[in-house]
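Comments concern the structure below.
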Amino acid sequence: MSAPLPSTHDGPIMKVILKPISHPRVGDIDIVDDLFAIGRNEEPFASRLGEAAENLSRRHARVFQEGGKVFVTDLGSRNGTRVNERELKHNVAATLRNNDRITFGEAVEFRVEIHSATEQAVDKAPALRLTLVPEDPAGGLDAIAIERFPFLISRNEGEFEHYKERLPAAWRRLSRRHAVIAIRGGRVSIEDLGSSNGTFVSGARLDERARPLSNGDVIAFGDPQFSYKARIEVLHEPTQFAGTVMRRPEPAIAAEAAEPVAFADEAVVADQPEQAMPSEPSPVESRAGTNRTRFVSSADSFINVFCADDEFVGGTSESSSVARTAEVQQLRAPPTGIRKYQLMLRQVWRALGGGGSVSRRAAWGAAIVLGAIVIAAAITYLIGMDRRGIKDLLAQGQYTESAKVANRYLEHSSDDFEAGAWAEEALTKAIVPTWMKFMEQENFTAADQFLAAQRKQYPFIPRGQQMIDTLAWAGRVEAHIAERGGANSPIAMFRHEPVITALVDEWRANSFRHQQIMDQMVTREPHFEPIHTRVFSYLTSLRSDNAIYVKAIGQLRTSIEAALRRDDRGAIGKLINEFAANYPRVIGVDALRDDLARYDTLSQLIRQKELLQLVHLSRTAQFRTPVFAEHVDIWLEKQLPPAEIIAKHAEAAAAWNAGKHDEAIATLKSVKDAPWGEVAARQIDRYEKIGADYNALRAAKGTDGYYDRLLVMWSGLRPNEDEHLIRALEADFVAHREQVLPRLDRTLDRARGHWSEYQTAGGISGVIRVEERVSPRFSAQAKRLSSAYREISTGARTYQMLQMQAPPEWQTLQRDVADEVQRQRRWLQDLDIVLEPVLLHAKLDLLPEISEQSLWVQSTTDPRKD
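For the sequence shown, my numbering begins at 92 and goes up steadily by one.
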């Protein structure tokens, strides 16, 4: 049967009820613990106060019992705490009395009821002992066993004060009021008191709330050196130690091994309950010869924990009299040598149920048991040889051999923390120098392979495995920064951000442990210091990159994806331009612009129902960014007709290019009534007209009008669709070059006339472009520019067919017209945030598209290309 939870302070137990005045829905709050937290994230305030919880600070106030009295203290809250309309000062405690009115913040008000609680009214719970076992057995820390709460973590008093000389650097990272360990809801909990360097539980820094502790939690105060593993035990009867320190046993030659181990003060020990006595030394005591366990038997004062200089209002000095004592007790040492084995035999006999004398049969039984013990001892001795070998080889500088012996030993003795510390040191000194050489050579692949081999070779050195994982992470950081060309170099969009996020997240998942391992590696291998410093500098940059640039790239991608789903092309251009202006350090924006241009071309082909060109471009266009590549396939699948219809159009085109005109037209007629049937009908009309024009041209051969007809037909042919006709006409062009060239001069005159009219009219100014309609002036200018472009492009293709270089005047005009077309299209596209999409597309459709053929002269003879 469990005993009642022991009171942490002397004095009667009080029952405290906070009855709501301002917010009745909160309900009565029964305070069942010695310590109760008030804050906007604490219950029941967080769930029941609603918006009024914002009046409270995160660490607003604490209500606690001490010395038979109830106190409240404000913790520096933003909106303050008042008792009977009297404002409390920061970190000053006020005594609460029955029917007092207490106000937290501006309007969260309660009435206090205080009653003396009977023992039956107090919840029953087992007494608890929290033992803080040093995480690093070789780190020079003492274990701390806490049985009375609260317990204050402070650098100026108690269990940490004596580290001022032994561990000065770590000691300075502790705060005067660093953290408090208390019982809340029958569980051991820890709360950071706003310390400068923080309190960490299993790698996570505590916020303003208390956190319950569990067995195995790793707790660190301020500095990684003050790292402890929590061990929580249930004591069925509360222990009452007279002293606070239990030291390692000293040899007691005259003592009987069968006698109970006793405290130095026999008068105190006589009253000590048997189950409260430690049945065996803690792991720290048994393996780290310099460590000891300090048993803390008296609680700290909450006044001392929460109040500056033990100040309080309306109380008496008796409340601050709850002070910790520091009486030191020692355990006698167990017997050793022959005496140990004599007593062991006697204990075996007693365990077998023997009395004062030993019968023969009982002696045989005892001998058998003793033989088993001897065999076990021999095995232990052989295993112990491995244990001794770890340290000896480490001292001799044979680090690899020491690590191998340690790995073999720890396979069967994984709970030997001291041997584990030796093993980790040996492994560090064995592998870090080799790994550093790979880093200096920037041979990151070899470094990864090396660490993978070490991970397999030493599977039973747990903290060694963690060290290898940390080194592997540091190697990935070095590799990423080297690939980028430096920590401050540009970030490549859609390439670097997954790596940056992965590196930051891996560190964040257990930052405290990684920090501890990196620091330990510097201590054990000083040559690691430059990489240690560099990696942490890189980590700072990566965190900044992840918070700013990676986040911005992710938001840009999400916004573009949403705009593509809405078919809002104008929004995409605006998003890209704004991002480029705000984040000049990010490269890859040009790839987004190129993909947007490809997307615009596909959109225009869809609007114009140019099925074959659309299919060809969709199969050949390579989108460079994932945001477009992932969208376009799905988008085109919805826009294009079924595959069998596309196949019929392709079949017709192939027949046409092979000169099988009738077959091509018949194939198109078979899909005239299917989806995209209007495209088939339009293509049939084109094929029939071109066929008729070709027959008329052949009939006119040898007449005066033949070359005029030849040029007219030539201008209507498409290089990608009418190759068979172009090849059929090529011979006439080459054979009658002299007759064709004068007609090209007339083409140049027409192009020059259209261009002159366009320039004289002032081109297409910005005022015309932004008009909220397609005005007559815009249409007229677009027609002049299109005519000039058509004439000059047709002439360029004719010169190409004649295998001649166009005259300089032709080249200049062709270049000027093409440049103007490109500028006007680009300027219009930049107005996507001003013009409605339908109006924008209507204006763009009036301007010609720039094709590869039209730029022939520029691509072959443009002097600016040199």
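Ideal Cβ positions, reconstructed from N, Cα and C, are used throughout, including at glycine.
Requested in this report: Within the same chain, show all residues whose beta-carbon is closer than 7 Å to that of aspartate 477, passing over the 5 residues directly before and after it, in chain order.
Outcome: Within the sequence shown, residue 477 is the residue found at index 386, counting from 1. Excluding positions up to five away in sequence, the list reads Val496, Arg499 and Tyr500.
Requested in this report: Answer yes or no: do tyrosine 319 and leucine 258 have a C-beta to C-beta separation smaller than 7 Å?
Outcome: In the sequence shown, residue 319 corresponds to position 228, counting from 1. In the sequence shown, residue 258 corresponds to position 167, counting from 1. The answer is no: Cβ separation not under 7 Å.
Query raised in the report: Start and end of the alpha helix (DSSP H) containing serine 632?
Result: Within the sequence shown, residue 632 is the residue found at index 541, counting from 1. Here the alpha helix (DSSP H) through serine 632 covers 620-636.
Query - Burial state of threonine 194 (16 or more Cβ within 10 Å) - result: Here residue 194 refers to the residue found at position 103 when the sequence shown is read from its first residue. Burial call: buried.
Query - Rounded distance between the beta-carbons of alanine 270 and aspartate 125, thought under 8 Å - result: For this step, residue 125 is matched to residue 34 along the sequence shown. For this step, residue 270 is matched to residue 179 along the sequence shown. Incorrect: roughly 17 Å between the Cβ atoms, too far for contact.
**Report entry** Three-state secondary structure assigned by DSSP to threonine 959
**Finding:** Outside the shown range of the chain (92 to 957) lies residue 959, about which nothing can therefore be said.
Query raised in the report: In the structure shown, what three-state DSSP assignment does alanine 873 receive?
Result: Numbered from 1 along the sequence shown, position 782 holds the residue referred to as residue 873. In this structure, alanine 873 counts as helix in the three-state DSSP scheme.
Report task. Would you give the residue range spanned by the alpha helix (DSSP H) that serine 856 belongs to? Result -> Your numbering for residue 856 matches position 765 in the sequence shown. Serine 856 -> no alpha helix (DSSP H), and no H or E assigned at all.
Query raised in the report: Should the region 627-643 be regarded as contacting the region 573-592, the criterion being three or more beta carbon pairs within less than 8 Å?
Result: yes
Query raised in the report: CB-CB under 8 Å to glutamate 492, same chain, minus the five flanking residues each way: which ones, in chain order?
Result: Taking the sequence shown and counting its residues from 1, the one referred to as residue 492 is at position 401. Here the set comprises Leu484.
Query raised in the report: Should alanine 442 go down as buried or exposed, given a rule of 16 or more other Cβ atoms within 10 Å for buried?
Result: Reading the sequence shown from its first residue, position 351 is the one you call residue 442. Any answer about alanine 442 is weak, because its pLDDT of 49 lies below 50 and its placement is not dependable; what the coordinates show is given next. It counts as exposed.
Query raised in the report: Apart from the five residues just before and just after methionine 207, which ones in its own chain have a Cβ nearer than 8 Å to its Cβ?
Result: The residue given as residue 207 occupies position 116 in the sequence shown. In the sequence as displayed, the identity of residue 207 is serine instead of methionine. Correct list, in chain order: Pro103, Ile104, Met105 and Lys106.
Query raised in the report: Name the DSSP beta bridge partners of serine 207, please?
Result: Within the sequence shown, the letter at position 116 stands for residue 207. In DSSP, serine 207 forms a bridge with Met105.
Query raised in the report: In whole angstroms, what is the alpha-carbon distance linking arginine 169 and aspartate 596?
Result: Along the sequence shown, one-based indexing puts residue 169 at 78. Along the sequence shown, one-based indexing puts residue 596 at 505. Going by the C-alpha atoms only, they are around 33 Å apart.
Requested in this report: State the CB to CB distance for the pair isoleucine 552 and glycine 511, rounded to an integer number of angstroms; the pair is presumed to be in contact (CB under 8 Å).
Outcome: Your numbering for residue 552 matches position 461 in the sequence shown. Your numbering for residue 511 matches position 420 in the sequence shown. Going by Cβ atoms, the distance from isoleucine 552 to glycine 511 rounds to 7 Å, so yes, they are a contact pair.
Query raised in the report: If we ignore side chains and look at the alpha-carbon of each, how far apart do glutamate 900 and glutamate 728 end up?
Result: In the sequence shown, residue 900 corresponds to position 809, counting from 1. In the sequence shown, residue 728 corresponds to position 637, counting from 1. Whole-angstrom Cα-Cα distance: 46 Å.
**Report entry** Among Ser635, Asn146, Tyr778 and Arg881, nearest to tryptophan 747 - alpha-carbon criterion
**Finding:** As a first step, residue 747 is located in the sequence shown; it is residue number 656 there, counting from the start. When only C-alpha atoms are compared, the closest one is Tyr778.
Query raised in the report: To the nearest angstrom, how far is it from the Cα of alanine 933 to the Cα of alanine 688?
Result: For the purposes of this step, residue 933 is taken as residue 842 along the sequence shown, with counting starting at 1. For the purposes of this step, residue 688 is taken as residue 597 along the sequence shown, with counting starting at 1. Rounded to whole angstroms, alanine 933 to alanine 688 spans 17 Å at the Cα level.
Requested in this report: With threonine 758 as the anchor, note down where its alpha helix (DSSP H) starts and where it stops.
Outcome: Within the sequence shown, the letter at position 667 stands for residue 758. Start and end: 752-760.
Query raised in the report: Exposed or buried, serine 870, counting other C-beta atoms within 10 Å across all chains shown (16 or more means buried)?
Result: Position 779 of the sequence shown, counted from the first residue, corresponds to residue 870. Exposed: under 16 other Cβ atoms inside 10 Å.
Query raised in the report: So serine 138 is in the alpha helix (DSSP H); what residue range does that whole segment cover?
Result: To locate residue 138, count along the sequence shown from 1; it is residue 47. For serine 138, the enclosing alpha helix (DSSP H) begins and ends at 136-139.
Query raised in the report: To the nearest angstrom, how far is it from the Cα of glycine 566 to the Cα of phenylalanine 535?
Result: Here residue 566 refers to the residue found at position 475 of the sequence shown. Here residue 535 refers to the residue found at position 444 of the sequence shown. Our two residues, glycine 566 and phenylalanine 535, have alpha carbons roughly 7 Å apart in a direct line.
Query - One or two residues paired with serine 318 in a DSSP bridge - result: Within the sequence shown, numbered from 1, the residue matching residue 318 stands at position 227. Serine 318 pairs with Ala311.
Requested in this report: Can you give me the Cβ contacts of tryptophan 598 inside the same chain, cut-off strictly under 8 Å, excluding the 5 residues immediately before and after it?
Outcome: Counting from 1 along the sequence shown, the entry for residue 598 is found at position 507. Excluding residues within five positions, the ones whose Cβ falls inside 8 Å are Trp564, His605 and Leu630.
**Report entry** Helix, strand or coil at leucine 326 [DSSP, three-state]
**Finding:** By 1-based counting over the sequence shown, the position of residue 326 is 235. Reduced to three states, the DSSP call for leucine 326 is strand.
Requested in this report: Tell me, please, whether the region 655-673 touches the region 702-709 by the rule of three or more beta-carbon pairs shorter than 8 Å.
Outcome: no
Requested in this report: With a threshold of 16 other CB atoms inside 10 Å of the CB of aspartate 686, please say whether the residue is buried or exposed.
Outcome: Your numbering for residue 686 matches position 595 in the sequence shown. When all chains shown are included, aspartate 686 counts as buried.
**Report entry** heavy atom of the ligand NAD below 6 Å from alanine 771 C-beta
**Finding:** For the ligand NAD, the structure offers nothing, since it holds no ligand at all.
Query raised in the report: Which residues in the same chain as aspartate 784 place their Cβ atom closer than 6 Å to its Cβ, once the five residues preceding and following it in sequence are excluded?
Result: Sequence index remark: in the sequence shown, residue 784 carries index 693 (1-based). Taken in chain order, the residues that qualify are Met804.
Report task. Can you grab the Cα-Cα spacing for the pair isoleucine 237 / valine 279, in whole Å? Result -> One-based indexing of the sequence shown puts residue 237 at position 146. One-based indexing of the sequence shown puts residue 279 at position 188. Near 10 Å, if we compare the C-alpha coordinates of valine 279 and isoleucine 237.
Report task. Go ahead and pull the three-state DSSP assignment for arginine 150. Result -> Position 59 of the sequence shown holds residue 150. Coil.
Query raised in the report: Using CA coordinates, which residue listed in His151, Ala852, Val163 and Ala842 is at the minimum distance from isoleucine 122?
Result: Counting from 1 along the sequence shown, the entry for residue 122 is found at position 31. Minimum Cα distance to isoleucine 122 is reached at Val163.
Query raised in the report: Which of helix, strand or coil does DSSP assign to lysine 110?
Result: The sequence position of residue 110 within the sequence shown is 19, counting from 1. Residue state, collapsed to three classes: strand.
Query - alanine 486 to histidine 151 span [Cα, whole Å] - result: The sequence position of residue 486 within the sequence shown is 395, counting from 1. The sequence position of residue 151 within the sequence shown is 60, counting from 1. Cα to Cα, the separation comes out at about 54 Å.
Report task. With distances taken Cα to Cα, identify the nearest neighbour of tyrosine 57 among Phe397, Gln611, Ala583 and Pro732. Result -> The requested residue 57 is not part of the displayed model; the chain covers only 92 to 957.
**Report entry** Opening and closing residue of the beta strand (DSSP E) in which isoleucine 697 lies
**Finding:** For this step, residue 697 is matched to residue 606 along the sequence shown. Annotation for isoleucine 697: no beta strand (DSSP E) segment contains it, though the alpha helix (DSSP H) segment containing it runs 680-699.
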